[in-house]
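Only one structure is covered here, and it is reproduced in the block below.
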Amino acid sequence: MKITLTEVVYFALSAFLLHASLYVNIRNFAMLISLIPLLCLVPMIAIVYGLVFFKKRNVAKRRNPITRDLLRSPGESLRIELDDVSVDLMLNMAVTPLIPLILYSGYLSNVVFGNIKWGDLFSIVFYTLVGLGATLYSGRKMYQLANKKNKLSLGLDAELAVAQELNLLAHHSYWVFHDIPAEGFNIDHVLVGPSGIYAIETKGRAKPIMKDGKADWNVNYDGKTLNFPGWQETKPIEQAQRQAKWLQQYLSGAVGESVSVIPGLALPGWFIKRTGRNGITVFNGKNAAQILFKTNSNLLPDKLIKQIAHQLDHRCRTVKPLALSPTAKQ
Numbered sequence: 018m019k020i021t022l023t024e025v026v027y028f029a030l031s032a033f034l035l036h037a038s039l040y041v042n043i044r045n046f047a048m049l050i051s052l053i054p055l056l057c058l059v060p061m062i063a064i065v066y067g068l069v070f071f072k073k074r075n076v077a078k079r080r081n082p083i084t085r086d087l088l089r090s091p092g093e094s095l096r097i098e099l100d101d102v103s104v105d106l107m108l109n110m111a112v113t114p115l116i117p118l119i120l121y122s123g124y125l126s127n128v129v130f131g132n133i134k135w136g137d138l139f140s141i142v143f144y145t146l147v148g149l150g151a152t153l154y155s156g157r158k159m160y161q162l163a164n165k166k167n168k169l170s171l172g173l174d175a176e177l178a179v180a181q182e183l184n185l186l187a188h189h190s191y192w193v194f195h196d197i198p199a200e201g202f203n204i205d206h207v208l209v210g211p212s213g214i215y216a217i218e219t220k221g222r223a224k225p226i227m228k229d230g231k232a233d234w235n236v237n238y239d240g241k242t243l244n245f246p247g248w249q250e251t252k253p254i255e256q257a258q259r260q261a262k263w264l265q266q267y268l269s270g271a272v273g274e275s276v277s278v279i280p281g282l283a284l285p286g287w288f289i290k291r292t293g294r295n296g297i298t299v300f301n302g303k304n305a306a307q308i309l310f311k312t313n314s315n316l317l318p319d320k321l322i323k324q325i326a327h328q329l330d331h332r333c334r335t336v337k338p339l340a341l342s343p344t345a346k347q
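Add 17 to the 1-based position in the sequence shown for the numbering used here, that's all there is to it.
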């Protein structure tokens with residue numbers, strides 16, 4: 018989020034004090050009309066600062082019993098980004114209706130101080146055009162934020178769906194980690210177990226509504242290209258391979274022993290039809306044990322599995338406990 022709530026409150030309070038200082042020595046009650054839009058912000062400011070005060074007071078009396086950082090949840094990065102986009106969207110939705118009030122306040126201020134005459138055609142056109150421009154810009158911004166929110170929500174749903182399937186592999190003696198932070202990117206899922214190490218990239222793709230209603234859920238994969246109904250993609254495959262390569266180098270250096278990482282791509286909700294033998298494993302998240310564990314016959318020793326799991330646990334344990342913590346950040 019680019020603009021914090023504190024900055025917004027500070028700006029509103031400063032504007033109010035500025036207007037008040039201009040009118041403090043003016044006895045004409047009519048001039049105070051221009052303050053009405055800004056006076057509407059006073060209750061909001063009082064509520065915000067009241068909530069902050071009581072929160073700090075509560076934190077000062079108690080402490081969270083959980084002192085260790087938590088593991089990252091599935092889609093942790095997407096959830097944080099989604100929260101920021103949602104706040105930005107709500108902020109734009111709240112500010113946009115205030116644009117006419119702010120401009121009207123400015124117009125009245127100029128009339129009161131004699132800068133312009135009441136009913137001046139040029140001033141009316143100017144403030145109207147500025148208001149329309151600001152409203153259109155804010156509307157365009159809200160449209161972009163809404164689209165971004167939809168894409169992030171789809172991606173988060175996909176990661177959660179795949180994570181629920183992969184978590185079942187814990188019954189097969191596999192360690193499962195989610196949203197592993199790397200160097201400028203995140204690996205959605207990592208599995209560590211007897212048959213090897215797997216780096217899984219998950220992609221959420223909306224299904225088109227086809228006229229015949231028959232082929233809208235098939236993805237043909239020839240080992241190089243994902244052929245969706247109506248479009249093709251290769252970047253998810255390349256991304257999964259790059260991430261697996263990075264993880265392989267990182268873990269090899271961390272445990273002091275050369276290890277291999279197998280890339281995989283999950284497309285939840287789609288039916289994968291493989292038309293070629295080469296390429297990485299692509300699946301829809303279900304039956305992961307039957308699909309993934311066929312790709313590697315070399316078994317990892319238990320000691321090495323624990324070493325790798327320890328390194329991943331340390332890297333993924335970055336979530337600060339939220340309760341009774343006013344400065345907790347992921």
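Just so you know, even glycine gets a beta-carbon here, dropped at the ideal spot from N, CA and C.
Of all C-beta pairs linking the stretch 105-122 to the stretch 211-221, fewer than three are shorter than 8 Å, placing the two stretches out of contact. When the beta-carbon positions are compared, L162 and L125 stay at least 8 Å from each other.
W135 is positioned such that its CB atom lies no closer than 8 Å to that of V142. The C-beta distance from D100 to V336 rounds to 14 Å, too long to fall under 8 Å, and the pair is not in contact. Rounded to whole angstroms, the separation of the alpha carbons of K303 and P285 is 8 Å. Pairing A223 with L171 gives a Cβ-Cβ distance under 8 Å. Between the C-alpha atoms of T219 and A187 there is a straight-line separation of about 19 Å. For L339, no alpha helix (DSSP H) segment is defined, and its DSSP state is neither H nor E. Collapsing the DSSP output to three states places K303 in coil. Approximately 6 Å separates the beta-carbon atoms of I197 and R332; this is inside 8 Å, confirming the contact. Between L317 and P211 the beta-carbon gap is near 6 Å, inside 8 Å, which marks them as a contact. Under DSSP, R291 forms a beta bridge with Y238. Approximately 3 Å separates the beta-carbon atoms of A180 and P91; this is inside 8 Å, confirming the contact. For the 8 Å CB-CB criterion, N237 and K168 do not form a contact. About 12 Å separates the Cβ atoms of F288 and N244, ruling out a contact at the 8 Å cut-off. Less than 8 Å separates the beta-carbon of A306 from that of H189. In the DSSP secondary-structure assignment, T219 is bridged to A283. From the listed residues V147, V278, S103 and L138, the smallest Cα separation to L120 is found for V147. The residues K241, T242 and L243, in chain order, have a CB closer than 8 Å to that of T251 in the same chain once the five nearest residues on each side in sequence are set aside. In the three-state scheme derived from DSSP, where H, G and I count as helix and E and B as strand, T113 is classed as coil.
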